[in-house]
Amino acid sequence: MSGFDKVVTSYDAALQGLDDNMTVIAGGFGLCGIPEGLIAQIQKLGVKGLTVVSNNCGVDDFGLGLLLKDRQIKKMISSYVGENALFEQQLLSGELEVELTPQGTLAEKMRAGGAGIPAFYTATGYGTPVGEGKPVREFNGRPYILEESITGDFAIVKAWKADRYGNCVYRHTAQNFNPMAATAGKITVVEVEEIVEPGELDPAHIHTPGIYVDRVILGSFEKRIERKVLAKEAN
Amino acid sequence: MSGFDKVVTSYDAALQGLDDNMTVIAGGFGLCGIPEGLIAQIQKLGVKGLTVVSNNCGVDDFGLGLLLKDRQIKKMISSYVGENALFEQQLLSGELEVELTPQGTLAEKMRAGGAGIPAFYTATGYGTPVGEGKPVREFNGRPYILEESITGDFAIVKAWKADRYGNCVYRHTAQNFNPMAATAGKITVVEVEEIVEPGELDPAHIHTPGIYVDRVILGSFEKRIERKVLAKEAN
Amino acid sequence: MALTREQIAMRVAQEFKDGSYVNLGIGIPTLAANYVPKGIEVMLQSENGLLGMGRYPSEAEVDADMINAGKETVTAITGASIFNSAESFAMIRGGHVDFTVLGAFEVDVYGNIASWMIPGKLIKGMGGAMDLVAGAKNIIVTMTHADKHGNSKLLAQCTLPLTGVNCITRIITDLAVMEVADGAFHLKERAPGVAVEEIRQKTAGRLIVEGDIPEMIF
Amino acid sequence: MALTREQIAMRVAQEFKDGSYVNLGIGIPTLAANYVPKGIEVMLQSENGLLGMGRYPSEAEVDADMINAGKETVTAITGASIFNSAESFAMIRGGHVDFTVLGAFEVDVYGNIASWMIPGKLIKGMGGAMDLVAGAKNIIVTMTHADKHGNSKLLAQCTLPLTGVNCITRIITDLAVMEVADGAFHLKERAPGVAVEEIRQKTAGRLIVEGDIPEMIF
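Residue numbers (the working numbering), protein chains in the order written: chain A, 1323 to 1557; chain B, 1323 to 1557; chain C, 36 to 253; chain D, 36 to 253.
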């Protein structure tokens, strides 16, 4: 099935077509489950004016923080951006625009984008700054706000294993936003720890079916830990 | 963790609280992945005036068709009800109300019901009888209709395996509507082929986390096949 | 000569591009899977939750838990994935399926399609058809050009309850291949031996014929 | 005496019912996990996609792919499930989590809560807090009754940007347990040795004190 072979062998090929002012949706939660090599490649390409949709924006010297450092990001759509001094500077100086979005709404916006749902109602954010200017409608006596979906020119995703058809599985909590991001990119690129042959992944337990995936690249990962906390007593 | 032990040992206990005029959401696609024992128990209980939400309504003498036979169903919300002569009779005689809902909209309505999304926009059904009377809104120049979510007093679900905490996995295409149904019941009851101990199911590959499940019962299944079609040449 | 069901299916299969994801409706559309041209590979999506649908099973392979959207026993190819109905229609509604092929009672010059209900007769329901026509990137309608009484199914305006609006771009009948655009059917190919005049006669909606219309090649 | 952080956490833990699913915010709420009463079992949900969060790992168990919503390394209990963020917030938004415990800057008599932003200072974002207060069945706010300058955090109306409206029903501070209903705080318990008068003084919003107010029991 060569027509379905999504594997590319260089980061240049993985992000071919990425250009200035595009929207990039990135998987990951904090530094967990982030497509490290794809982020590095975006840094290397030097594209500017990006809108980046990601729950967080990395830290100063790792993850999406690298793109902040090089001033490649025009706008962030995130739920929490608190681990980043550069972010603070660029936000206060007006260089960086930020659209803070509740975490669950952000996840649902990505899912909706991939699923052809242009908008949905949620109680989250009603009566808060998040709800300002958004249509309100009552259902069963409770007010809800209308939230629109998100799609991107590119989605960059980190999976554990993928087969050549682009079927992916994620490891532990490195799953997080990755499956939704994968559905919402016009071009979806997945960076993985291991490429397996079709049939090696159990069909009933594939997290991201290959239909969502355009390119798969074998990466290598530092997997930096943001907050290492240990049990007080050893087991 | 006895507080989380969802296993019940009788069908009476499994459907305790089910009463006349309630809404029941049922998993299954055709006769595939249907909670056979729970349906039989509803028949035995003889409750009347039910609204049943299910993609199909079984066949004349099996699945939800049994509840039609005993005139227990007041209203069906389904996408396709074409395998059932009784259904036809009751519909034409005005005994049975039916709300035909596109299959993808039906699945999304159940998911939304479980996920606290009261309504969503979809292009499906716009300009057709399905869209009549529903609010319309344009996004990027295309019209979409507003569809409201569905929840039920009970959800009846068929899974392959569940552990005592209610974590479930489904087998092959018997998954279908079951995971969405499981999220959308005030009381969700899962009938399974096998009960396993917590830890036996891989945490990353659980289809329905136990938080959605109230009761688990070990069933036995006939698994009738609706259309057995064989390959022309033997392999 | 009007095409047989098999020939319509063969012509449909010529539309597929290598590496496409395809959802095939019941009937002629399903037959198209048998005629995918050499060198072209497609992956079949079945809307009950299967991507990578395979052939029908042998007696030993029959499994009640493994069916397709037509409720027939089926197998999965190596590299298939299986998922729930919400995920399946997220794929469909989200435009990730490249081709949808389905039958119809009527199609009109605005790309409207009626395929699920004939008032007065039994209402069986739309199943996944409304989602498919609302979501797929390319929709191909297959049908006979006229019904058994000779009434055209290609209309100025559909008369039956619609399945979807402004969504059909390509129609393959027993007589012709047509595109739908700008309020008209555009004749692209005719069945071998079928005259343009016959197609014109059997097309009730506005038909545009530009230049020489080639015969289909099989 | 005002309660310590640990004592607030202990009192919070008394709220939990056996077999409940609980989401604990950062800080005092997280401490509550250490004080769950004997005979009561709760399962912890972490909104990054983990149901059945366990203790912190040993050095050998540390895994970069296994973190909680506070981005700390963590473990899972036997019988846990792990899922994506959309599924995690489907649980939260859909009302499947029984208890949410979180801190706040301010709460008012209408059950409004402000907990995520102080204008003029850095905006870090709301994370999952807005979803949690919109979705959970029972929300418990933990905080000190007044700030370090003695200003009440229990107001007639919140002054900071809100996290959610009309959602808080129970507040546990270093001085008191209160319910929020009908436009007032209702005093239910006081910290051992703390007089009703002190609570009244430090509560800016309308406080209703009915009958004898018992001391908390630990």
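Note that CB positions come from ideal geometry on N, CA and C, so glycine has one too.
Enumerate in chain order the residues of its own chain whose CB-to-CB distance from residue i is below 8 angstroms, with the five nearest sequence positions on each side excluded.
i: H180(C); result: A37, S187, K188, L189, T208, D209, L210, A211, I234, K237, T238
i: A21(C); result: A query on residue 21(C) cannot be resolved here, the shown segment of chain C reaching from 36 to 253 and no further.
i: Y1448(B); result: V1458, P1465, Y1466, I1467
i: R241(D); result: V144, A191, G218, A219, F220
i: E1519(B); result: D1485, R1486
i: H1443(A); result: In the sequence under discussion, the amino acid at residue 1443(A) is Tyr, which differs from the His named in the question. Hits under 8 angstroms: R1459, F1461, Y1466, I1467, L1468, E1469.
Under 7 angstroms, Cβ to Cβ, is there at least one residue of chain B near residue i?
i: G105(D); result: no
i: P227(C); result: no
i: I1439(A); result: yes
i: F1384(A); result: no
i: Y1443(A); result: yes
i: G129(D); result: yes
i: P249(C); result: no
i: N76(D); result: One detail in the question is off: residue 76(D) reads as Glu in this sequence, not Asn. Answer yes: the Cβ-Cβ gap between E76(D) and chain B drops below 7 angstroms somewhere.
i: P196(C); result: yes
i: Y1448(A); result: no
i: R40(C); result: no
Thinking residue i and residue j are a contact (beta carbons under 8 angstroms), I'd like their distance in whole angstroms, please.
i: G1359(B); j: E1513(B); result: 5 angstroms
i: V215(D); j: G130(D); result: The pair is not a contact, with the Cβ atoms about 19 angstroms apart (cut-off 8 angstroms).
i: V1479(A); j: A1496(A); result: Actually they are not in contact, since the Cβ atoms of V1479(A) and A1496(A) sit about 11 angstroms apart, beyond 8 angstroms.
i: T1373(B); j: A169(C); result: In fact, because the Cβ distance is near 26 angstroms, the residues do not count as touching under 8 angstroms.
i: E122(D); j: A104(D); result: The pair is not a contact, with the Cβ atoms about 14 angstroms apart (cut-off 8 angstroms).
i: L1367(B); j: L1337(B); result: 7 angstroms
i: G1532(B); j: F1326(B); result: 7 angstroms
i: D166(D); j: R205(D); result: 19 angstroms between Cβ atoms; not a contact.
i: I175(D); j: F134(D); result: 7 angstroms
Please check if any C-beta of chain D sits within less than 7 angstroms of the C-beta of residue i.
i: P1501(A); result: yes
i: A1336(B); result: no
i: Y1487(B); result: yes
i: P1520(B); result: yes
Output yes if chain A places a C-beta closer than 7 angstroms to the C-beta of residue i; else output no.
i: T113(C); result: yes
i: D53(C); result: yes
i: I174(D); result: no
i: F140(D); result: no
i: N1557(B); result: Reliability of the predicted coordinates at N1557(B) is poor, the pLDDT of 43 falling under 50, and the value obtained from them is presented with this limitation in mind. No, its Cβ sits nowhere closer than 7 angstroms to a Cβ of chain A.
i: M126(C); result: yes
i: G60(C); result: no
Between residue i and chain C, is the shortest Cβ-Cβ distance under 7 angstroms, so that the two count as touching?
i: R1552(B); result: Checking the sequence, you will find Leu at residue 1552(B) rather than Arg. It does; some Cβ of chain C falls within 7 angstroms.
i: I1364(A); result: no
i: H1527(B); result: no
i: G1436(A); result: yes
i: I1467(B); result: no
i: F1326(A); result: yes
Within the same chain, show all residues whose beta-carbon is closer than 7 angstroms to that of residue i, passing over the 5 residues directly before and after it, in chain order.
i: L1540(A); result: V1514, I1517
i: A1429(A); result: F1499, M1502
i: A68(D); result: L59, L79
i: K1370(B); result: D1342, Q1394
i: P227(D); result: M36, E250, M251
i: A149(C); result: A139, F140, E141, C193, L195, P196, L197, T198
i: Q1412(B); result: L1390, L1418
Could you pull out every residue in the same chain whose Cβ sits closer than 6 angstroms to the Cβ of residue i, ignoring the five residues on either side in sequence?
i: M1398(A); result: V1374, C1379, V1420
i: M152(C); result: I158, P196
i: P1440(A); result: S1471
i: V1535(B); result: K1328, G1488, T1510, V1512
i: N173(C); result: F134
Item to check | Complete alpha helix (DSSP H) runs within the stretch 55-140 of chain D (minimum length 4 residues, chain order) | outcome: 63-66, 120-128
Checklist entry - If we count Cβ pairs, one from each stretch, closer than 8 angstroms, do we get three or more for the stretch 1450-1465 of chain B versus the stretch 1481-1493 of chain B? => result no
Next on the checklist: Would you call the stretch 128-143 of chain C in contact with the stretch 48-66 of chain C, where contact means no fewer than 3 C-beta pairs closer than 8 angstroms?
Outcome noted: yes
Next on the checklist: Which runs of the beta strand (DSSP E) at least 3 residues long sit entirely within the stretch 135-202 of chain C? Give them in chain order.
Outcome noted: Segments of the beta strand (DSSP E) lying fully in the stretch 135-202 of chain C: 141-143, 173-178.
Checklist entry - Are the stretch 38-48 of chain C and the stretch 155-162 of chain D touching by the rule of at least three beta carbon pairs closer than 8 angstroms? => result For the pair of segments examined, the stretch 38-48 of chain C was found not to touch the stretch 155-162 of chain D: the number of CB pairs separated by less than 8 angstroms stays below three.
Item to check | Whole alpha helix (DSSP H) elements within the stretch 1417-1465 of chain B, 4-residue minimum | outcome: Taking only runs of at least 4 residues, the alpha helix (DSSP H) segments lying wholly in the stretch 1417-1465 of chain B are 1425-1437.
Checklist entry - Which runs of the beta strand (DSSP E), 3 residues or longer, sit entirely within the stretch 218-249 of chain D? => result 219-225
Item to check | Residues from the stretch 1335-1362 of chain A in contact with chain E, defined by Cβ distance under 8 angstroms | outcome: Reference to chain E is not applicable here, since the protein chains of this structure are A, B, C and D.
Checklist entry - What runs of the alpha helix (DSSP H), each 4 residues or longer, lie entirely inside the stretch 1504-1539 of chain A? => result none
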